[in-house]
Amino acid sequence: TWGRVRDVLREEVGQNNYRNWIEPLEFAELEDGVATFLVPTGFIGNWVERNFGDKILRHMLDAGARVSRLVFTVPNVARPKPAEAGSPPANATHVRAEKDDLPGAPLDPRFTFDSFVVGKPNQLAHAAARRVAEGGPVTFNPLFLYGGVGLGKTHLMHAIAHEIQARDPSLRVVYLSAEQFMYRFVQALREKQMMDFKHMFRSVDVLMVDDVQFIAGKDSTQEEFFHTFNALVDQNKQIIISGDRAPGEMKDVEDRIKSRLQSGLVVDLHPTDYELRLGILQTKAARYREQYPDLHIAEGVLEFLAHRISTNVRVLEGALMRLFAFASLVGQEITLEKAQDALSDILRASDRKVTVEEIQRKVAEHFNIRMSDMIGPKRQRSIARPRQMAMYLSKTLTTRSLPDIGRRFGGRDHTTVMHGVRRIEELKQSDTQLAEDLEMLRRALEA
Ligand code: ADP
Ligand code: MG
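Residue numbers (the working numbering): 48 to 494.
Okay, structure coming up:
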């Protein structure tokens with residue numbers, strides 16, 4: 048029954064809520080109309096009970112369960128979670144239990160500094176996050192992190208929280224989204240518990256509010272946020288905020304709040320570049336390989352993904368996960384060809400729309416040959432090699448199939464194209480000049 052109820056809830060509450068609140072629930076028993084669920088922390092239990100209790104009850108009844116009451120309980124024997132194994136100190140559960148009345152959302156144990164790959168686009172944000180996490184004499188308060196979707200804002204915030212907590216478990220660190228902040232605030236208003244609300248938020252040592260853009264246009268929430276913010280800064284408490292753009296660019300946010308948000312350090316996460324994407328893919332692939340040593344992904348596939356998939360790291364991760372799932376299904380090495388097949392929808396979505404014609408023109412220009420030679424029959428090396436490079440670029444930068452590419456190269460057979468692509472793949476390993484030319488052309492084409 049619970050399995051079915053969960054499916055219904057997933058539809059109803061959305062993927063995020065589902066992941067954060069419903070998935071952690073473990074159905075224990077149903078006795079005398081009381082359904083008992085095990086929850087990882089008291090906080091999650093309380094939150095679920097208040098926000099989703101009615102829904103869960105209703106759907107359980109719909110599913111035919113004779114239930115009149117729900118109980119959420121933290122198992123008293125701490126079960127080690129595999130993802131956290133080794134990291135929490137011996138007294139972690141004790142500390143956490145005392146903090147269960149804090150208003151924060153749970154932290155993702157995977158989002159640590161260790162698992163964060165640093166590259167040019169995020170190095171400033173990373174350095175600032177590290178500095179704040181390590182405390183010390185110079186602190187930036189508030190730290191404001193901003194950037195587009197999937198660039199690592201939430202990851203860095205959780206990493207800061209983990210680090211601060213590891214250094215000093217007694218600190219009261221609260222992480223939550225601006226949406227959750229609003230939710231708590233509205234709830235406190237409704238239940239006439241504003242005193243508790245204020246007290247709770249003003250007693251934290253570190254406050255992190257994610258996706259602050261959510262409060263835009265929500266006046267009373269902004270007002271309360273502003274007061275909370277000021278009270279904490281006055282007490283010299285660290286505040287860390289993230290948003291989707293710089294404070295000055297936010298619409299429907301009061302000026303006094305914008306200027307408050309700007310008063311510390313503002314750093315942005317830039318869109319990922321090729322090197323960072325490749326670094327992230329290699330790191331994550333290495334982890335998969337440790338777990339599944341039998342799965343193989345061919346040389347060049349990660350490079351292909353780093354070239355072709357969008358700057359959003361979440362999309363990149365999704366693609367990689369799919370490849371490994373695919374590899375485990377088919378039980379063979381994932382070649383470039385198979386990867387393109389398995390990911391065709393993602394590739395289409397993030398297609399930069401480079402055309403075979405553009406590639407031919409760029410390559411012809413670069414090597415100073417005629418466009419007509421690109422598609423013509425000449426076989427001397429000075430023409431055939433650039434042609435093969437253009438085929439290779441067409442294969443890696445577009446979603447065209449080999450036969451399709453062959454047609455665009457003057458009606459050549461797909462095996463000719465395949466041969467050309469392979470030849471370039473080989474040469475690229477030993478011929479540094481050729482590798483550089485390719486890289487330059489790729490940049491020019493993607494710009
Ligand atoms: P944002 O909050 O900016 O939308 P997230 O922090 O949720 O983005 O990141 C999206 C996903 O990408 C997460 O799974 C995160 O772990 C991963 N990610 C983002 N940047 C990096 C990075 N530099 N190194 C490793 N993983 C990253
Ligand atoms: Mg986020």
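Using N, Cα and C, we set each Cβ at its ideal position, and we do this for glycine too.
Fair warning: this is a prediction, and the values are worked out from it, not measured in the lab.
Using C-beta distances below 6 Å, list every residue in its chain close to residue i, excluding the 5 sequence neighbours before and after it, in chain order.
{"i": "Leu323", "result": "Gly166 and Pro168"}
{"i": "Glu226", "result": "Phe261"}
{"i": "Val251", "result": "Arg219 and Val221"}
{"i": "Val464", "result": "Met438, Leu449, Ile452 and Gly453"}
{"i": "Pro135", "result": "Bear in mind that the predicted position of Pro135 carries a pLDDT of just 41, short of 50, making it unreliable; the figure below should be weighed with that in mind. Hits under 6 Å: none found."}
{"i": "Asp147", "result": "Model confidence at Asp147 stands at a pLDDT of 49, short of 50, so the residue's coordinates are unreliable and nothing is read from them."}
{"i": "Lys442", "result": "Val468"}
{"i": "Ile422", "result": "Phe456 and Gly457"}
{"i": "Tyr65", "result": "Arg57"}
{"i": "Met107", "result": "Val52 and Val114"}
Would you mind giving the Cβ-Cβ distance between residue i and residue j, rounded to the nearest angstrom? I have them listed as a contact below 8 Å.
{"i": "Val121", "j": "Val86", "result": "6 Å"}
{"i": "Ile327", "j": "Val164", "result": "5 Å"}
{"i": "Leu349", "j": "Ala374", "result": "Not really, about 13 Å apart at Cβ, beyond 8 Å."}
{"i": "Val256", "j": "Ile304", "result": "Actually they are not in contact, since the Cβ atoms of Val256 and Ile304 sit about 12 Å apart, beyond 8 Å."}
{"i": "Phe99", "j": "Ile69", "result": "7 Å"}
{"i": "Phe160", "j": "Arg177", "result": "7 Å"}
{"i": "Asp258", "j": "Gly290", "result": "7 Å"}
{"i": "Arg237", "j": "Thr275", "result": "Arg237 to Thr275, Cβ: 18 Å. No contact."}
Consult DSSP for residue i and reduce its assignment to one of helix, strand or coil.
{"i": "Met204", "result": "helix"}
{"i": "Glu270", "result": "helix"}
{"i": "Trp49", "result": "helix"}
{"i": "Ser224", "result": "strand"}
{"i": "Leu505", "result": "Outside the displayed range of the chain (48 to 494) lies residue 505, so it cannot be described from this structure."}
{"i": "Thr275", "result": "helix"}
{"i": "Glu84", "result": "According to the sequence shown, residue 84 is Phe rather than Glu. Reduced to three states, the DSSP call for Phe84 is strand."}
{"i": "Tyr335", "result": "helix"}
{"i": "Phe191", "result": "strand"}
{"i": "Ala431", "result": "helix"}
{"i": "Phe74", "result": "strand"}
{"i": "Pro136", "result": "Because Pro136 sits at a pLDDT of 40, beneath the cut-off of 50, its placement in the model cannot be relied upon, and the following sentence gives the value as read from the coordinates. Coil at Pro136, not helix or strand."}
{"i": "Met255", "result": "strand"}
{"i": "Thr120", "result": "strand"}
{"i": "Asp484", "result": "helix"}
{"i": "Ile416", "result": "coil"}
{"i": "Asp243", "result": "helix"}
{"i": "Gln282", "result": "coil"}
{"i": "Leu198", "result": "coil"}
{"i": "Arg143", "result": "Model confidence at Arg143 stands at a pLDDT of 38, short of 50, so the residue's coordinates are unreliable and nothing is read from them."}
{"i": "Gly290", "result": "strand"}
{"i": "Val313", "result": "strand"}
{"i": "Ile262", "result": "helix"}
{"i": "Ile356", "result": "coil"}
Please work out which residues of its chain come closer than 7 Å, Cβ to Cβ, to residue i, disregarding the five sequence neighbours upstream and downstream, and give them in chain order.
{"i": "Arg459", "result": "Gly453"}
{"i": "Thr382", "result": "Ala345"}
{"i": "Ser115", "result": "Gly80"}
{"i": "Leu481", "result": "Leu474 and Lys475"}
{"i": "Leu308", "result": "Pro189, Phe191, Ile288 and Pro294"}
{"i": "Ala353", "result": "Tyr321, Arg324, Leu325 and Leu328"}
{"i": "Leu488", "result": "Lys409, Val410, His413 and Leu440"}
{"i": "Val403", "result": "Ser441, Thr445, Arg447, Ile452 and Arg455"}
{"i": "Phe351", "result": "Leu383, Ala386 and Thr443"}
In chain order, what residues of the same chain lie with their CB nearer than 8 Å to the CB of residue i, ignoring the 5 residues before and after it?
{"i": "Gln212", "result": "Leu218 and Val220"}
{"i": "Leu492", "result": "Val401, Glu405, Ile406, Lys409, Leu440 and Leu444"}
{"i": "Gln329", "result": "Leu349"}
{"i": "Glu73", "result": "Phe84, Leu85 and Val86"}
{"i": "Ala152", "result": "Asn67, Tyr222, Leu223, Ser224 and Gln227"}
{"i": "Met229", "result": "Phe261, Ile262, Lys265 and Thr268"}
{"i": "Leu485", "result": "Met436, Tyr439, Leu440, Ile471 and Lys475"}
{"i": "Phe273", "result": "Glu301, Arg303, Ile304 and Arg307"}
With the cut-off set at 7 Å, would you say residue i and residue j are in Cβ contact?
{"i": "Pro450", "j": "His466", "result": "no"}
{"i": "Ala175", "j": "Leu316", "result": "no"}
{"i": "Arg469", "j": "Gln435", "result": "no"}
{"i": "Ala208", "j": "Leu154", "result": "yes"}
{"i": "Pro433", "j": "Phe456", "result": "no"}
{"i": "Leu367", "j": "Thr446", "result": "no"}
{"i": "Glu301", "j": "Gln269", "result": "yes"}
{"i": "Ala172", "j": "Glu210", "result": "no"}
{"i": "Leu117", "j": "Ala82", "result": "yes"}
{"i": "Arg231", "j": "Pro150", "result": "yes"}
{"i": "Arg370", "j": "Ala386", "result": "Reading the sequence as shown, one finds Leu at residue 370 and not Arg. Going by C-beta atoms, Leu370 is nearer than 7 Å to Ala386."}
Quick check: is any heavy atom of ligand 4 less than 6 Å from the C-beta of residue i?
{"i": "Thr201", "result": "This structure lacks ligand 4; its bound ligands are ligand 1 and ligand 2."}
Within the chosen definition, does the region 193-204 reach the region 356-371 through at least 3 CB pairs nearer than 8 Å?
yes
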